[in-house]
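To keep things clear, I will list the structure first and then write my remarks on it.
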Amino acid sequence: MVPGFFVRKPFSFFSIAIQVLCMFFLGICIFLRIITKPAGSFAVLLDIFTGGAFALLAIFMAHSLVRAAKAEAEAEINRIRMQETAAMIDMLRAQRHDFLNHLQVIYGLIQIGRTEVIKEYINQVNQEVRESSRLITSLIQRPEIAGLIMRKMAEAEADGIKFTVNLKTDLALLGVPPLDFSRILGNLIDNAINAVNTVPLEERIIKLEMAEDHDCYEIRVTNYRPLIPEPHMESVFEKGFTTKEDRGEGLGLFIVKTLVEKHRGEVRLRCSIESGTTFELRFPKAVLRGVV
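Here the numbering used here runs 4 ahead of the position in the sequence shown, where the first position is 1.
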């Protein structure tokens with residue numbers, strides 16, 4: 005830890021001046037205490053001034069460090085939002101490119117008179133456009149989450165993974181900070197992507213669901229295959245846990261559990277042949293926790 009005026013973040017001149025004066029006064033008091041070796045009431049008075057200067061310096065240093073921590077946290081949140089916004093822009097650019105390709109395909113079908121195929125093709129394109137528009141509209145109050153989901157959808161598509169999203173909430177009262185929630189959701193989706201990349205192409209399916217009730221938000225990430233073996237069900241959230249197929253360090257799900265519990269949430273793992281592997285999160289709404 006370093007004194008407040010040594011940290012990289014800018015602070016007010018008043019705060020810096022007070023710290024410098026306190027350190028100067030504290031140095032004088034200590035110098036007089038060592039050199040003059042006072043006794044009696046003067047010694048007591050000098051000790052009081054020394055203690056007061058030290059306490060005041062400690063308060064201002066602590067205040068500066070708290071401001072530094074807040075500034076760094078805000079900067080990290082802004083960085084993530086910029087990344088996710090850039091991801092959304094890239095996704096929209098890609099969709100524009102795809103749309104132009106779709107127009108060329110439709111024009112070609114018109115040229116050869118395949119009207120029945122044109123209708124089916126337009127329906128498919130319309131479904132894709134509506135899915136993207138619904139995602140952006142549903143999470144308009146949480147653009148960093150919408151950006152994260154769109155980026156992960158693009159990553160999944162590049163790996164031949166069918167990634168479906170079912171949103172029934174806008175997460176308006178989610179009390180988890182954007183930085184932590186992005187890490188939670190990002191790690192869960194990355195875990196699902198890594199898992200399904202070990203199975204045949206036709207089984208590469210991931211589903212993200214978000215819903216809410218009166219008290220809580222519920223988020224589910226499901227990959228239908230592979231299934232997690234029963235002996236590993238209790239160990240997946242442990243630090244360093246991994247399988248032979250994993251190439252990571254076994255920290256993703258540990259981070260998820262740590263951050264979820266930090267914000268008074270719950271994380272559960274469900275696994276069955278019928279429904280696949282599902283990680284389920286529940287968070288109390290912020291208004292019920294007195295956050296907003």
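The beta-carbon is built from N, C-alpha and C at its ideal position, and this holds for glycine as well. Just so you know, these numbers come straight off a predicted model, no measurement behind them.
Reduced DSSP category for residue i - H, G, I as helix; E, B as strand; rest coil
i    : result
T141 : helix
Y111 : helix
P230 : coil
R83  : helix
I287 : Ile is not the amino acid found at residue 287; the sequence shown has Phe there. F287: strand per DSSP, three-state reduction.
M65  : helix
S239 : coil
G245 : What sits at residue 245 in the sequence shown is Phe, not Gly. Correct three-state label for F245: coil.
R100 : helix
G117 : coil
G56  : helix
K41  : coil
Selection from the options that minimises the alpha carbon distance to residue i
i    : options                   : result
H236 : R71, V133, G254 and D174  : G254
L273 : K266, V264 and F283       : F283
I20  : P288, I63, D51 and A47    : I63
M65  : R100, I93, V24 and A77    : V24
A90  : S137, K266, A150 and K123 : A150
E161 : D174, N201, A59 and I122  : N201
I122 : I116, Q131, I223 and I110 : I110
S137 : E76, E159 and M154        : M154
D163 : I209, R118, R83 and Q145  : I209
E159 : Q145, T173 and N198       : N198
I165 : C275, P181, L139 and A196 : A196
Q99  : I114, Q131, I52 and Q115  : Q131
P181 : V133, Q115 and N82        : N82
Cβ-based neighbour list, residue i, same chain, cut-off 6 angstroms, excluding 5 preceding and 5 following
i    : result
V271 : K261, V264 and L285
I223 : M214 and L285
R97  : none
Own chain residues within Cβ distance below 7 angstroms of residue i, not counting five before or after
i    : result
F241 : L257, F258 and K261
D194 : G256
Pair within 8 angstroms by beta-carbon distance, residue i and residue j
i    : j    : result
A290 : L189 : no
E207 : Y228 : yes
L171 : E80  : no
V203 : P233 : no
L143 : S186 : no
K211 : T141 : no
G269 : F287 : yes
L175 : V225 : no
I84  : E148 : yes
T281 : E216 : no
Beta-carbon contacts of residue i that lie in its chain and below 8 angstroms, excluding the five residues immediately before and after
i    : result
H106 : Y125 and V129
K243 : G254, L255 and F258
Q145 : D174, L175 and A176
H101 : none
| request: Let me know the alpha helix (DSSP H) ranges lying completely inside the stretch 256 to 283, each 4 residues or longer, listed in chain order. | output: Entirely contained in the stretch 256 to 283, the alpha helix (DSSP H) runs reaching 4 residues are, in chain order, 256 to 266.
Suppose only complete runs of 4+ residues qualify. What are the alpha helix (DSSP H) ranges in the stretch 146 to 227, listed by chain order?
As far as the stretch 146 to 227 is concerned, its whole alpha helix (DSSP H) runs of at least 4 residues are 147 to 162 and 182 to 200.
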